[in-house]
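Participant: Have a look at this one before I ask anything.
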Amino acid sequence: MTAEEAVLWKLTGLCVDSLHDLEYAARLVAGLDLALARAKYTSWVDGTLPEFVSMQPTSRSDGHEEGHGVQGTLMDKGQALTNGAAENSSSDGFLVRLERFRHPLLLGEFLLHRKKVLRRERMPGELFEEDDILRPPVAVDVRFRPQTKAVVITGSNTGGKTCSIKGVGLAALMARAGLGIPAEPPVLLPCYSAVLADIGDEQSLTSSLSTFSGHLARIQALRKEADGNCLVLLDEVGTGTDAEEGAALGAALLMELVKGGQGGALTVLATTHHAVLTTLAYRDPLSRFENASVEFDEERLVPTYRLLWGIPGRSNALEIGARLGMPHEIVEAAKARLGDGETGISAVIKQLEVVERQRRQGRDELRKFDLQVAKLKQDRDRLSYKVSGLQQQEHAAKRRMYSSILSEARTKLRQIRREQQLKSQLPASKRNVGATSTARREQKQTQSAARMKEQQAAKSREDLDAETEWDPRVGDVVYVPKLGSNARIVGTGPGEKLEVQAGSFMRLTVTKDAISRAK
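If you're matching positions, the sequence shown starts at 1353 in the working numbering and goes up one per residue.
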């Protein structure tokens, strides 16, 4: 054994007696480190801590009654859900509410890229390159009420359907992990028991699995794990086989999942290109289905990556083909093959998209207006506080000046009295009559000047009292210049006259402007 190993064995032996304490301390440090990491991440993405909407345990429903009840309660951040909580009105009736939600992974890539770009050294006058342009991920709104059990998302390819359901699934997992979610407050989510997903293509040559059979295998495994309180994400439901059969199978699967209970889900988010699945929102008597679609800019032929709620999506294949130069006769022939019904539905959906776009623009303008109003209120409060501080400083400066004048006058009066006392103690033979007469004149002049300063100070004090709206009342002690002393107000007379008493016997009636604050 080497010397180093001997030392290590010796130190290890010393730690044996404190093993349990060391393990406990290590767990505490790990917990604190984890809490700090959560807080740092939440601050980094400007996240909002979620508020959990408590749900009663679900039971299997056959479609003729509600699958489960709802308690719309919001729990304290970071605490476990408790049963029997009171109804919460602040949730506004939403089961899921993610306003201006940004995909956490895309937002993280954007923040790291921005940090890298901003740290890169540049020559004076050097501009950002095209790759350096900072574009944050598009914010989307995801919100639906407790009666909604399944959301069917349709629309163009590469429009953000899969990204949207992945983002919601990630938000549900982040909420369970105690992480802040990059969305505007309040963020409302159920505490899902699990997040189960069928996303991507599971085809395999070695396992003899086609795209369709791969989806079926994964859905079967998913349903075995589903307990009725989970979130299920299904991407491209019913694809990989005949369109009609795939749509029928997808509709049956969604109807089975929304029943809840074992093999069912609390919430299902599904993407599809089958228009038949969008009709579930209109055919289900319990209103358990909701439609959503991804927006597409027909002018620029690019997706906007925003979600439009309550509107089924369009593939926009004919519009894209026409704008990309496909012959007009081919486009018209395709429209004719669709039939009047399909064309009419597409036109109605297009009108709904316009209405939704206008509504969203109005809401964005209202949000900007609210921010401007809040800023104006802050400016008003700041100016009001500043004016109040200046007024207090002005009153304090005046009081200091008046106190200084009074102090100077009193000092001179005391000096005169001391000189008088010293002169009165001198023998009569040593007094100079002429000098005494001159000294008395000077004394009178000094006393007169002192009284004038004192009167000016009293007048200034009265002015200050008037500025501060001084209102003397019965029982207050005030200064009466006529008496040269303080007195107490013992009663009121006609008009604004007051009765004051100085000492035990001196009592007189004065007006309000003939008194001031007590010295």
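Glycine included, C-beta positions come from ideal geometry on N, C-alpha and C.
Ignoring anything shorter than 4 residues, give me the alpha helix (DSSP H) runs that lie fully in the stretch 1497-1538, in order along the chain.
Facilitator: 1513-1528
Participant: Would D1594 and L1574 be called neighbours here (beta carbons separated by less than 7 angstroms)?
Facilitator: no
Participant: Reducing DSSP to helix, strand and coil, say where M1858 ends up.
Facilitator: strand
Participant: M1642 bridges to which residues according to DSSP?
Facilitator: According to the sequence shown, residue 1642 is Glu rather than Met. E1642 pairs with V1503.
Participant: Beta-carbon within less than 6 angstroms of T1634's beta-carbon, same chain only, minus the 5 sequence neighbours each way: which residues are those?
Facilitator: Checking the sequence, you will find Tyr at residue 1634 rather than Thr. Around Y1634: no qualifying Cβ.
Participant: Which of the three DSSP states, helix, strand or coil, is assigned to E1418?
Facilitator: Confidence at E1418 is low in this model, with a pLDDT of 39, below 50, so the placement of that residue is unreliable and no value is reported for it.
Participant: With 16 as the cutoff for other CB atoms within 10 Å, does V1826 come out buried or exposed?
Facilitator: Under this definition V1826 is an exposed residue.
Participant: Restricting to Cα atoms, I'd like to know which of R1803, K1727, S1837, N1643 is closest to R1497.
Facilitator: N1643
Participant: To the nearest angstrom, how far is the alpha carbon of S1645 from that of P1664?
Facilitator: 5 angstroms
Participant: Find out if the Cβ-Cβ distance for the pair Q1853, A1866 is shorter than 7 angstroms.
Facilitator: Taking the C-beta atoms as reference points, A1866 is found no nearer than 7 angstroms to Q1853.
Participant: Any chance you could list the beta strand (DSSP E) runs of at least 3 consecutive residues sitting entirely within the stretch 1560-1593, in chain order?
Facilitator: 1583-1586
Participant: Going by DSSP, what residues sit across from I1663 in a beta bridge?
Facilitator: In the DSSP output, where bridge partners are listed per residue, I1663 has none listed.
Participant: Buried or exposed: V1520, going by 16 or more other Cβ atoms within 10 Å of its Cβ?
Facilitator: It is buried - the Cβ of V1520 has at least 16 other Cβ atoms within 10 Å.
Participant: Would G1577 and L1548 qualify as a contact pair, given that the criterion is a beta-carbon distance under 7 angstroms?
Facilitator: A small correction: the amino acid at residue 1577 is Glu; Gly does not occupy that position in the sequence shown. Contact: yes.
Participant: Which residues bound the alpha helix (DSSP H) around F1462?
Facilitator: 1456-1471
Participant: Looking at C-alpha atoms only, which residue of A1527, E1746, A1627 is the closest neighbour of V1539?
Facilitator: A1527
Participant: DSSP puts K1849 in a beta bridge; with which residues?
Facilitator: According to DSSP, K1849 bridges with T1863.
Participant: Just mark K1611 as buried or exposed, buried being the case when its beta carbon has 16 or more other beta carbons within 10 Å.
Facilitator: buried
Participant: Return the first residue and the last residue of the beta strand (DSSP E) that D1398 is part of.
Facilitator: Premise fails: D1398 is in no beta strand (DSSP E) and is neither H nor E.
Participant: Applying the criterion that 16 or more other CB atoms from any shown protein chain within 10 Å of the CB defines a buried residue, is L1459 buried or exposed?
Facilitator: Buried.
Participant: Check for me: the alpha helix (DSSP H) holding T1844 runs from which residue to which?
Facilitator: From DSSP, T1844 is part of no alpha helix (DSSP H) but of the beta strand (DSSP E) over 1837-1844.
Participant: Using only the alpha-carbon positions, how far apart do R1869 and R1715 sit?
Facilitator: 59 angstroms
Participant: Under a Cβ-count criterion, where at least 16 other Cβ atoms within 10 Å of its own Cβ denotes burial, should K1501 be classed as buried or exposed?
Facilitator: buried
Participant: Within the same chain, show all residues whose beta-carbon is closer than 8 angstroms to that of F1564, passing over the 5 residues directly before and after it, in chain order.
Facilitator: T1591, G1592, T1593, G1598
Participant: From the DSSP secondary-structure annotation, give me the bridge partner or partners of E1403.
Facilitator: L1540
Participant: Going by C-alpha to C-alpha distance, which of S1755, S1406, A1686 sits closest to G1445?
Facilitator: S1406
Participant: Am I right that I1517 and L1621 are in contact with their C-beta atoms under 8 angstroms? What's the rounded C-beta distance?
Facilitator: 4 angstroms
Participant: Would you give the residue range spanned by the beta strand (DSSP E) that L1548 belongs to?
Facilitator: 1547-1550
Participant: Just to confirm, is the Cβ distance from L1629 to A1603 under 7 angstroms?
Facilitator: Taking 7 angstroms as the Cβ cut-off, L1629 and A1603 qualify as a contacting pair.
Participant: How would you label D1373, buried or exposed, when you count the other beta carbons within 10 angstroms and need 16 or more for buried?
Facilitator: exposed
Participant: Take the Cβ of P1846 as the centre, count every other Cβ of all protein chains shown within 10 Å, and call the residue buried at 16 or more, exposed below.
Facilitator: exposed
Participant: On the three-state DSSP scale, how would you describe R1495?
Facilitator: strand
Participant: With H, G and I counted as helix, E and B as strand and the rest as coil, what does DSSP make of A1617?
Facilitator: coil
Participant: Using a 10 Å radius around the Cβ and a threshold of 16 neighbouring Cβ atoms, would you call T1400 buried or exposed?
Facilitator: buried
Participant: DSSP three-state label for V1359, please.
Facilitator: helix
Participant: From V1494 to L1360, what distance separates their C-alpha atoms?
Facilitator: 57 angstroms
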